[in-house]
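2 protein chains.
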Amino acid sequence: MGATKTDLFTKQQNDIAAMAKALAHPARIAILQYLVKKNACVCGDLVDELGLAQATTSQHLKELKIAGIIQGSIEGASVCYCINPKVWKQYRELFNAFFQDVDLKDKCC
Amino acid sequence: MGATKTDLFTKQQNDIAAMAKALAHPARIAILQYLVKKNACVCGDLVDELGLAQATTSQHLKELKIAGIIQGSIEGASVCYCINPKVWKQYRELFNAFFQDVDLKDKCC
DNA sequence: ATAGTTTATTGTATTATTGCAATATTACGA
DNA sequence: TCGTAATATTGCAATAATACAATAAACTAT
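For the record, the sequence lines run as chains P and S.
Quick note: the first sequence uses UniProt numbering, first residue 1, plus one each step.
Quick note: the second sequence uses UniProt numbering, first residue 1, plus one each step.
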C-alpha cells in the first residue's frame, strides 16, 4: 500500500514516531534552534534566515505548529512564533525516557 | 522539486534531522524498544513481533542499520540484531543537547 | 481608497517512504 | 545433494513529503 500501519503499534510508539517525524527535516531543526537561541517571539526573520522559499518555510512552520512544539500569534501584519515551553519539555522527557540508560552490553554481536 | 536541500543547513542540523528520521516510524521504535528490552542479540523474533510482512520488517531493519543505531551479525542461518551501544549513546547525547534546558519563558506569545 | 508588506493557501511537479509479493541468497540438516 | 528455513533484494503500487510559483488574505501606511 504505502501508508503507515499505525494500528499495529502502541499509542506510545506512534507518539514517539510522530515527534521524531516533526524533527526529521533540517529546516525544522534550524527553525527550532533559531527560536531557542532568540528565546522570544520571532516575527518575519525566519524566511531570510532559512534560505528556502517563503511558501516552503510557511509549510514547515505549519508542521511544527501542528506538532505543538511551536506556537504563533498574530502581531499586527506579521505573525510571531516561539517555542511552546510545555510541549518542548514533553519532547525532552519523552526522548529522555526512550534513550534512558539501560546498561547496554558493550559486547553483543 | 521535492528533494531536501541539505546544502542550506549545517552538518549538525542535517545530522539531527537524519537521526530523527531513523526514529520517525512506529515500527522502528518498536524494534528498538524490543531490542532494548531484551538487551541481547535477537534472531528471528522480530518479524512475528511486529506484524508487518517479512520484506517490510527487513527494510526497517536495514534503515536502522544504515543509521548505525543497530548492528547485525550472522549467526548460522539467521541474523541477529542488537543495539549498537556506542551509537545509542550518541543519539541520547545529541537529543539531550538539543532539548537541553534553556530557561524558556513561560509567557511568550 | 490604494499601494505595499507579511503570511497562508493552492496547485503542481518531483522525490521519498511505506508496504508486500515474488524472487534470490545463504546456511543448515537429512 | 536436495530440501527447508531465515533474510535480503527486487519490482511494483500507493501514499507522503518537499519545494516553489502563483494567488489569496489580512494588516499598514500613505
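We treat Cβ as the ideally placed atom computed from N, Cα and C, and that holds for glycine.
Compare the beta carbon distance of residue i and residue j with 8 Å and say whether it is the shorter of the two.
| i | j | result |
| --- | --- | --- |
| residue 24 (chain P) | residue 62 (chain S) | no |
| residue 87 (chain S) | residue 68 (chain S) | yes |
| residue 51 (chain P) | residue 52 (chain S) | no |
Rounding to the nearest angstrom, what Cα-Cα distance links residue i and residue j in this structure?
| i | j | result |
| --- | --- | --- |
| residue 78 (chain S) | residue 57 (chain S) | 14 Å |
| residue 74 (chain P) | residue 44 (chain P) | 11 Å |
| residue 111 (chain P) | residue 26 (chain S) | Residue 111 (chain P) lies beyond the residue range present for chain P, which begins at 1 and ends at 109; the question has no answer from this structure. |
| residue 31 (chain S) | residue 102 (chain P) | 15 Å |
| residue 92 (chain S) | residue 91 (chain P) | 13 Å |
| residue 71 (chain S) | residue 82 (chain S) | 6 Å |
| residue 85 (chain S) | residue 65 (chain S) | 13 Å |
| residue 18 (chain S) | residue 59 (chain P) | 19 Å |
| residue 100 (chain P) | residue 3 (chain P) | 30 Å |
| residue 11 (chain S) | residue 12 (chain P) | 30 Å |
Is it buried or exposed for residue i, if we count other Cβ within 10 angstroms and need 16 for buried?
| i | result |
| --- | --- |
| residue 42 (chain P) | buried |
| residue 96 (chain P) | exposed |
| residue 29 (chain S) | buried |
| residue 76 (chain P) | exposed |
Apart from the five residues on each side of it in sequence, which residues of its chain come closer than 7 Å, Cβ to Cβ, to residue i?
| i | result |
| --- | --- |
| residue 16 (chain S) | 94 and 98 |
| residue 49 (chain S) | 34 |
| residue 14 (chain P) | 6 |
| residue 80 (chain P) | 41, 42, 43, 72 and 73 |
| residue 36 (chain P) | 83 |
Tell me which same chain residues have a C-beta within less than 8 Å of the C-beta of residue i, skipping the five on either side of it?
| i | result |
| --- | --- |
| residue 54 (chain S) | 47 |
Any residues in the stretch 10–25 of chain P with a beta carbon nearer than 7 Å to a beta carbon of chain S? Which ones, in chain order? Against chain S - using a Cβ distance shorter than 7 Å - the residues of the stretch 10–25 of chain P are 13, 14, 16, 17, 20, 21, 23, 24 and 25.
Any C-beta of chain S within less than 7 Å: which residues of the stretch 83–95 of chain P qualify? Listed by position, the residues of the stretch 83–95 of chain P near chain S (Cβ gap below 7 Å) are 83, 85, 88, 91, 92 and 95.
Of the residues that make up the stretch 44–64 of chain S, which ones have a beta carbon closer than 8 Å to any beta carbon in chain P? Against chain P - using a Cβ distance shorter than 8 Å - the residues of the stretch 44–64 of chain S are 50, 51 and 52.
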